[in-house]
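These notes concern the structure reproduced below.
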Amino acid sequence: MLPLSLLPLVLVGPARAGVELGSYGRVQVSTDARGGAGEPVNVVSHGSRLEQGPYLELDVVFANGEDEALGYRVVVTPALSGDLFHYDGQWDADLALRNLYLEVDGFSSAPLVAWAGARMWRGDDIYLLDFWPLDDLNTVGGGLSYRPPDWALDLHAGLNRLAADDWMVQTEDVPLDGGVGTEEVLVLDRQRFLGSARLGRTFEGQALTFRLRAYGELHLLPEGSRIAEDFVEEALPANRGTVLGLQASAWGWAEDSFVHLWYRYATGLAAWDELEVPASGYDTDWTVTDASEHLVALAGNHEAGPVGVMAGTYLRRFQDADHNDVDVDDRWEAIAALRPTVFFTDHLSLGLEASHQWLRPDGLNPRSGAHDVPQITKLAVLPAIQPRRGGFARPQLRLQYVYSYLDDDARWWFAQDDVRRRSHHQHFVGVGAEWWLNSASYR
Amino acid sequence: MIPTLLLACSASIPYGEDPPITNHVEDWRDEVIYQVIVDRFANGDVNNDWNVSRSEDLNRYLGGDYQGLIDRVDYLSALGVTTIWISPVVVNVEEDAGIASYHGYWTQDFTDVNPHFGDIAKLRELVDVMHQHDIKVLVDVVVNHVGQLFYYDINHNGQADVTTWYGTDGSDSLDIVTEWDPAYDERGIQSWTSLGEAGPAPLGWVSMPEINREPPSPAEFWNDEWYHKRGRVTDWSDLDQVVMADFPGGLKDLATENPNVRRALIEVFSDWITRTNVDGFRLDTVKHVEEDFWTEFCPAIRQHAASLGKERFLLMGEVFDGDDALVGRYTQPDMLDSVVDFPAKYQVVDGVFKYGGATRTVQTLYEQQQVSWGQLEHEGGVGVAPRDLSLNFMDNHDVARFLFDVDQYGSEGTDPVAALESALAWLLTTDGAPVLYYGTEQGFDGGNDPANREPLWWSGYETEGELFRWIAALSALRQAHEPLRRGAVSFTWTTDHTGQEEDAGMLAYERWTEGERVLVVINTHDTKTSVTSVDGAPMATGYAPGTVLVDGLGRALTGSGQTWTVAADGSLAVELPPRGAVVLVEG
Numbered sequence: 000m001l002p003l004s005l006l007p008l009v010l011v012g013p014a015r016a017g018v019e020l021g022s023y024g025r026v027q028v029s030t031d032a033r034g035g036a037g038e039p040v041n042v043v044s045h046g047s048r049l050e051q052g053p054y055l056e057l058d059v060v061f062a063n064g065e066d067e068a069l070g071y072r073v074v075v076t077p078a079l080s081g082d083l084f085h086y087d088g089q090w091d092a093d094l095a096l097r098n099l100y101l102e103v104d105g106f107s108s109a110p111l112v113a114w115a116g117a118r119m120w121r122g123d124d125i126y127l128l129d130f131w132p133l134d135d136l137n138t139v140g141g142g143l144s145y146r147p148p149d150w151a152l153d154l155h156a157g158l159n160r161l162a163a164d165d166w167m168v169q170t171e172d173v174p175l176d177g178g179v180g181t182e183e184v185l186v187l188d189r190q191r192f193l194g195s196a197r198l199g200r201t202f203e204g205q206a207l208t209f210r211l212r213a214y215g216e217l218h219l220l221p222e223g224s225r226i227a228e229d230f231v232e233e234a235l236p237a238n239r240g241t242v243l244g245l246q247a248s249a250w251g252w253a254e255d256s257f258v259h260l261w262y263r264y265a266t267g268l269a270a271w272d273e274l275e276v277p278a279s280g281y282d283t284d285w286t287v288t289d290a291s292e293h294l295v296a297l298a299g300n301h302e303a304g305p306v307g308v309m310a311g312t313y314l315r316r317f318q319d320a321d322h323n324d325v326d327v328d329d330r331w332e333a334i335a336a337l338r339p340t341v342f343f344t345d346h347l348s349l350g351l352e353a354s355h356q357w358l359r360p361d362g363l364n365p366r367s368g369a370h371d372v373p374q375i376t377k378l379a380v381l382p383a384i385q386p387r388r389g390g391f392a393r394p395q396l397r398l399q400y401v402y403s404y405l406d407d408d409a410r411w412w413f414a415q416d417d418v419r420r421r422s423h424h425q426h427f428v429g430v431g432a433e434w435w436l437n438s439a440s441y442r
Numbered sequence: 000m001i002p003t004l005l006l007a008c009s010a011s012i013p014y015g016e017d018p019p020i021t022n023h024v025e026d027w028r029d030e031v032i033y034q035v036i037v038d039r040f041a042n043g044d045v046n047n048d049w050n051v052s053r054s055e056d057l058n059r060y061l062g063g064d065y066q067g068l069i070d071r072v073d074y075l076s077a078l079g080v081t082t083i084w085i086s087p088v089v090v091n092v093e094e095d096a097g098i099a100s101y102h103g104y105w106t107q108d109f110t111d112v113n114p115h116f117g118d119i120a121k122l123r124e125l126v127d128v129m130h131q132h133d134i135k136v137l138v139d140v141v142v143n144h145v146g147q148l149f150y151y152d153i154n155h156n157g158q159a160d161v162t163t164w165y166g167t168d169g170s171d172s173l174d175i176v177t178e179w180d181p182a183y184d185e186r187g188i189q190s191w192t193s194l195g196e197a198g199p200a201p202l203g204w205v206s207m208p209e210i211n212r213e214p215p216s217p218a219e220f221w222n223d224e225w226y227h228k229r230g231r232v233t234d235w236s237d238l239d240q241v242v243m244a245d246f247p248g249g250l251k252d253l254a255t256e257n258p259n260v261r262r263a264l265i266e267v268f269s270d271w272i273t274r275t276n277v278d279g280f281r282l283d284t285v286k287h288v289e290e291d292f293w294t295e296f297c298p299a300i301r302q303h304a305a306s307l308g309k310e311r312f313l314l315m316g317e318v319f320d321g322d323d324a325l326v327g328r329y330t331q332p333d334m335l336d337s338v339v340d341f342p343a344k345y346q347v348v349d350g351v352f353k354y355g356g357a358t359r360t361v362q363t364l365y366e367q368q369q370v371s372w373g374q375l376e377h378e379g380g381v382g383v384a385p386r387d388l389s390l391n392f393m394d395n396h397d398v399a400r401f402l403f404d405v406d407q408y409g410s411e412g413t414d415p416v417a418a419l420e421s422a423l424a425w426l427l428t429t430d431g432a433p434v435l436y437y438g439t440e441q442g443f444d445g446g447n448d449p450a451n452r453e454p455l456w457w458s459g460y461e462t463e464g465e466l467f468r469w470i471a472a473l474s475a476l477r478q479a480h481e482p483l484r485r486g487a488v489s490f491t492w493t494t495d496h497t498g499q500e501e502d503a504g505m506l507a508y509e510r511w512t513e514g515e516r517v518l519v520v521i522n523t524h525d526t527k528t529s530v531t532s533v534d535g536a537p538m539a540t541g542y543a544p545g546t547v548l549v550d551g552l553g554r555a556l557t558g559s560g561q562t563w564t565v566a567a568d569g570s571l572a573v574e575l576p577p578r579g580a581v582v583l584v585e586g
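One line per chain: the protein sequences are G and C, in this order. In terms of numbering that gives the first Met the number 0, the first sequence opens at residue 0 and continues consecutively. In terms of numbering that gives the first Met the number 0, the second sequence opens at residue 0 and continues consecutively.
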């Protein structure tokens with residue numbers, strides 16, 4: 000079977016005709032052993048996933064089956080996050096559509112697959128960190144894939160227009176022409192173009208399969224203007240960004256075993272998440288063109304009989320676009336996590352996870368006024384029940400205890416009165432579950 | 000990437016630690032001081048533009064920061080600036096009644112840097128970069144008061160009440176009565192209930208993080224006993240109020256007679272020297288603090304600076320008063336090294352250069368200050384007696400700009416720019432050290448606060464303008480000729496004449512050292528060509544007969560300067576057009 004972390008890349012799978020349901024979900028309740036809720040304790044951009052809150056994706060897939068000449072597959076994935084009603088008593092949840100697309104194949108003699116709609120357009124992840132180091136786009140657009148044997152070329156183009164901060168879209172109430180009152184007009188309307196290309200080559204061996212990938216992104220944001228204050232129009236310059244990346248993967252030597260190695264170099268807008276408006280780091284002309292990100296990452300899993308070992312790590316250098324050389328936003332960061340698991344039976348396992356994260360900003364911590372280099376070490380115990388042996392076997396019911404040690408600098412990374420500022424020692428005791436069941440995004 | 004990483008792991012970041020203490024001042028009289036409101040000088044980092052007014056409302060933050068100063072250091076050097084005096088660096092209450100703390104005088108945290116301008120590393124970088132360009136840095140310091148951090152709970156209802164009344168004083172005015180800023184009461188602000196007075200009003204400390212109206216830091220300043228609690232000054236002639244009342248705007252007056260307050264203030268401001276390597280302090284609102292505070296504060300600061308190896312750390316103060324005797328009092332032993340010269344601003348700059356008063360005033364005030372200002376060098380001080388280190392200025396952030404006043408109130412025939420140039424000729428050649436207010440070189444003409452706090456970027460940082468070149472030329476002359484910096488002063492011509500007399504408006508003085516002599520001649524008259532001569536008796540000079548003098552200022556500006564030859568009896572009649580000025584140097 001394919002390693003789990005490769006599965007999200009599979010485009011059209013042989014789908015049965017009709018409607019299929021699927022889901023990814025996780026749920027957990029926790030305590031900090033002091034009476035409060037367990038809190039995530041991280042200083043790097045992508046820390047441990049152990050302390051994540053509830054999240055649910057519900058996939059509904061409409062497909063016409065593999066017998067038809069033109070195969071299609073409609074994927075609809077509503078997703079919910081936030082505290083649960085049974086926890087906070089609030090009858091609400093944050094809802095988003097993570098997938099809403101149609102994918103077709105068989106329309107050409109060439110091995111082509113096309114899709115259009117809203118989609119999580121992703122590559123491989125570091126499971127332990129819930130992090131996609133190279134290709135991880137959320138987009139509304141379309142794509143075309145060409146899949147001759149051993150090769151894969153995926154092209155995609157999409158657009159977004161983030162609602163936050165009057166950066167890409169702004170509305171204003173203006174006097175109603177010929178009447179009394181106001182009407183709303185769009186005064187800022189600029190979309191970011193997201194384009195990506197991914198070329199992969201797979202080398203099948205007797206016991207081992209290798210794959211190499213090259214990846215690129217192009218981000219283009221046109222100029223615009225917004226109303227900064229009453230009667231003050233402010234020009235917003237065009238911005239752009241690029242990503243170049245490489246990935247090498249190998250799998251096949253053992254069940255559920257694989258390794259990925261990534262390198263990513265991003266510039267400008269692409270140094271930030273595509274769903275994020277840069278909060279700071281602008282040059283004096285409000286461009287971010289000079290920003291950059293270098294990232295090297297590694298993920299892997301090896302399973303042999305009753306034992307499995309999962310690993311994930313990355314090293315990242317981020318530099319924003321301003322001229323400040325002593326800038327806390329500019330930083331090195333790294334994390335390494337290792338999770339050995341013993342499978343006592345087909346259904347019972349005990350995992351131990353150790354991780355260490357490190358952050359070295361180029362500037363002073365504004366909270367302490369000192370050059371803090373925070374470090375956090377975590378040790379976790381993870382007894383679990385799952386349907387079979389394997390680190391990626393799901394659904395999984397688990398208990399977890401996570402101990403985090405924050406050094407002095409790490410404590411100062413958190414705001415005053417934050418529980419994580421108060422002590423070197425943080426505890427997270429939780430019970431929860433995670434599953435991926437015929438998921439469109441995870442399998 | 001990996002080698003860079005290894006380097007990053009092993010190296011500390013620049014400006015992450017307290018800097019080495021270095022010395023850059025030989026004699027403060029050598030300096031050309033340039034006063035900067037940081038928020039208004041240059042925006043070098045848009046990422047700290049929180050709450051910045053995009054419409055450039057002068058009562059709001061506009062975006063200037065330390066990076067902007069660093070980026071524009073060449074502008075300062077081109078102007079001839081050798082010292083910058085920057086507005087307060089500490090964290091402020093963000094705003095009050097719609098007006099923001101861009102000026103920096105509303106302290107909330109004595110120990111941290113106002114994030115609108117940068118952080119401590121950026122401030123250290125600023126100081127270092129300035130030092131690399133031979134520019135010294137003075138930091139503005141406020142010990143008299145803090146920002147509006149508490150209210151007086153006069154009616155004991157646990158909230159800050161603000162009420163609008165119409166005609167409470169019998170006039171047709173709308174008055175705002177507020178527990179944040181009640182009028183002075185010598186007993187201390189009293190509480191009041193429906194049954195009458197109820198004793199001292201409790202102080203209402205608040206937490207309003209959205210505008211950083213938080214209890215003060217360090218926490219020891221969060222102490223009712225550390226404040227006078229008498230409310231806002233209503234009578235500036237009442238000495239008790241001047242010293243013990245809250246400053247307008249509800250700025251809470253510190254009980255600076257309290258030994259613990261003194262110790263704490265000495266500690267927090269000493270620490271800024273340690274942490275930044277700045278070269279001196281400009282001390283705000285000096286006359287609003289008990290005089291004997293300064294005899295304790297100044298020696299302690301000097302002692303701390305000396306303990307770090309910092310020599311000639313300057314303590315200059317603001318005594319906002321035209322009474323020269325009062326101003327001079329703060330320069331007596333163990334007090335300030337100097338003060339910004341408000342008497343000269345009023346009598347010379349305003350009286351003579353703006354409004355055409357007699358130049359005799361210049362000499363009279365100079366001679367008076369030789370007596371009224373401190374005669375002795377301070378122990379551990381800057382090595383110059385205060386009377387020799389008057390800090391002359393024409394305008395600043397608290398008064399209307401020179402050009403505004405002349406334009407609004409000057410005589411009909413006054414050319415404001417010509418008047419300003421003549422005043423600058425005096426400012427940069429008279430005794431002491433000149434203090435230029437940013438924007439003067441760009442012809443800014445704002446009226447009183449906030450109109451006089453224009454963003455400098457409105458000028459485009461032009462360096463070829465007439466005023467910029469005029470100041471740059473005078474600064475260069477000052478650097479080139481030691482007498483203009485350290486020389487003694489001999490007045491060779493002053494007059495009571497301001498009308499159509501032969502010498503009306505003429506002012507001349509020599510600055511001399513053992514080896515060199517410079518003669519400055521200025522015609523302050525608006526419309527009349529005048530000469531340093533009356534009834535055939537020309538000005539006597541200290542030059543040898545036959546000495547040829549050339550106008551160094553004209554030479555610097557145009558490439559050639561007019562020459563004069565000293566007569567056989569050592570006299571010299573210098574005739575100048577209205578508002579003309581020459582700086583005569585030998586050869």
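Cβ atoms here follow ideal geometry from the backbone N, Cα and C, with glycine treated the same way. Keep in mind it's a predicted model, so treat the numbers as computed, not measured.
When C-beta distances to chain G are compared with 9 Å, the residues of the region 116-146 of chain C below that value are 117, 118, 119, 120, 121, 123, 124, in chain order. Following the DSSP letters along the chain, one finds residue 537(C) inside the beta strand (DSSP E) bounded by residues 536-539. Residue 47(C) carries a helical assignment under DSSP once its states are collapsed to helix, strand and coil.
Setting aside the 5 residues that flank it on each side, residue 165(C) is surrounded in the same chain by 173, each with a C-beta closer than 7 Å to its C-beta; the list follows chain order. By the CB criterion at 8 Å, residue 399(G) and residue 346(G) fall outside the cutoff.
For residue 276(G), same chain residues with a beta-carbon under 7 Å away, outside a window of 5 residues either side, are 161, 163, 164, 166 in chain order. For the pair of segments examined, the region 509-517 of chain C was found to touch the region 470-483 of chain C: the number of CB pairs separated by less than 8 Å reaches three.
Beta-bridge annotation (DSSP): residue 218(G) is paired with 193(G), 240(G).
Counting C-beta atoms within 10 angstroms of its own C-beta, residue 120(C) has 16 or more neighbours from the protein chains shown and is therefore classed as buried. Annotation: Cβ neighbours of residue 285(G) in chain C (cutoff 9 Å, chain order): 45.
Residues of chain C with a Cβ closer than 7 Å to the Cβ of residue 363(G) are, in chain order, 15, 118, 119, 120. Relative to the Cα of residue 303(G), the nearest Cα in the group 390(G), 357(G), 325(G), 327(G) belongs to 390(G). Contacts with chain G at 8 Å (Cβ-Cβ) do not include residue 521(C). Contacts with chain G at 8 Å (Cβ-Cβ) do not include residue 71(C).
Of the other Cβ atoms in all chains shown, fewer than 16 fall within 10 Å of the Cβ of residue 247(C); this residue is therefore exposed. Where residue 121(C) is concerned, the enclosing alpha helix (DSSP H) starts and stops at 119-131. Using a Cβ distance threshold of 8 Å, residue 27(G) and residue 401(G) do not count as a contacting pair. DSSP places residue 243(C) in the helix class (H, G or I) of the three-state scheme.
Residue pairing by DSSP puts residue 172(G) in a beta bridge opposite 183(G). Residue 538(C) is a Cβ neighbour of residue 571(C), given a cutoff of 8 Å. DSSP places residue 424(C) within a helical segment (H, G or I) once states are collapsed to three.
Residues 149, 214 of the same chain have their beta carbon placed closer than 6 Å to that of residue 204(C), with the five preceding and five following residues left out of the count. Secondary structure note for residue 301(G): it is in no alpha helix (DSSP H), and the uninterrupted beta strand (DSSP E) holding it is 291-303. Residues of chain C with a Cβ closer than 8 Å to the Cβ of residue 322(G) are, in chain order, 43, 44, 66, 70. With respect to residue 24(G), residue 55(G) sits close: the two C-beta atoms are nearer than 8 Å. The Cβ of residue 247(G) sits no closer than 8 Å to any Cβ of chain C.
Taking 8 Å as the threshold, the shortest C-beta distance from residue 98(C) to chain G does not fall below it. A direct Cα-Cα distance of roughly 22 Å separates residue 49(C) from residue 124(C).
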